[in-house]
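Asks:
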Amino acid sequence: MIIRPVDENGDILPVLVSASLLRGAGAVARLVNDRLELLAGDWWENPAWGNEVLEMMRSSRLTEADTQALANYITSYIRQMPSVLEVEDVEFSVEGKFFSYSCRVDTEDGSAEIDYSL
Numbered sequence: 086m087i088i089r090p091v092d093e094n095g096d097i098l099p100v101l102v103s104a105s106l107l108r109g110a111g112a113v114a115r116l117v118n119d120r121l122e123l124l125a126g127d128w129w130e131n132p133a134w135g136n137e138v139l140e141m142m143r144s145s146r147l148t149e150a151d152t153q154a155l156a157n158y159i160t161s162y163i164r165q166m167p168s169v170l171e172v173e174d175v176e177f178s179v180e181g182k183f184f185s186y187s188c189r190v191d192t193e194d195g196s197a198e199i200d201y202s203l
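Dropping the structure here:
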């Protein structure tokens, strides 16, 4: 997998040489992070695409059972992405109004760490 690099705001950077493209596990991690940031209804061309985490959080306050369900949903969402072979070392927590999730994704080209918070 090859993906264009992005800056700290998520804007795609110009590619002047092919060596600056993201490859392997780093590219898969970038794709996972981009797709986690895309919430259902955000993309006008296909509103059904995106994760439904925000909708899940709107429906009820985060209880212990809800946080586990949210983490399970994110894990299954990541597993469906191209080039992701396995999701391991899942950790999640709630601090105040923030939900944090982290894991390691295994790909054919190695593994990468994923951090997501909402």
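Be aware that the sequence shown starts at 86, since it is given in the working numbering, and climbs by one per residue. For each residue, glycine too, the CB sits at the ideal point set by N, CA and C. Nothing here was measured: the structure is a model prediction, and the numbers come from that model.
Is it a yes or a no for the region 91-104 touching the region 173-182, going by three-plus beta-carbon pairs under 8 Å?
Replies: no
Asks: Can you name the residues that DSSP bridges to Asp200?
Replies: Here residue 200 corresponds to residue number 115 of the sequence shown, with the count starting at 1. For Asp200, which the question treats as bridged, DSSP gives the partners Ser187.
Asks: With DSSP as the reference, label Asn118 as helix, strand or coil.
Replies: As a working note, residue 118 is residue 33 in the sequence shown. Asn118 falls in the helix class under three-state DSSP.
Asks: Name, in chain order, the residues that DSSP records as bridge partners for Val179.
Replies: In the sequence shown, residue 179 corresponds to position 94, counting from 1. DSSP output for Val179 lists Phe184 as bridge partner(s).
Asks: Secondary structure at Glu130, three-state DSSP: helix, strand or coil?
Replies: One-based indexing of the sequence shown puts residue 130 at position 45. Residue state, collapsed to three classes: coil.
Asks: Comparing C-alpha positions only, which one of Ser168, Leu139 and Ser103 sits nearest to Tyr201?
Replies: In the sequence shown, the residue the question calls residue 201 occupies position 116. Here the closest residue by C-alpha is Leu139.
Asks: Note the first and the last residue of the continuous alpha helix (DSSP H) segment covering Asn157.
Replies: In the sequence shown, the residue the question calls residue 157 occupies position 72. Asn157 -> alpha helix (DSSP H) spans Glu149 to Arg164.
Asks: First and last residue of the alpha helix (DSSP H) that includes Glu140?
Replies: Counting from 1 along the sequence shown, the entry for residue 140 is found at position 55. Val138 to Ser144 is the span of the alpha helix (DSSP H), which, as asked, contains Glu140.
Asks: Can you give the Cα-Cα distance for Leu147 and Pro132, rounded to whole angstroms?
Replies: By 1-based counting over the sequence shown, the position of residue 147 is 62. By 1-based counting over the sequence shown, the position of residue 132 is 47. Going from the Cα of Leu147 to the Cα of Pro132 covers about 25 Å.
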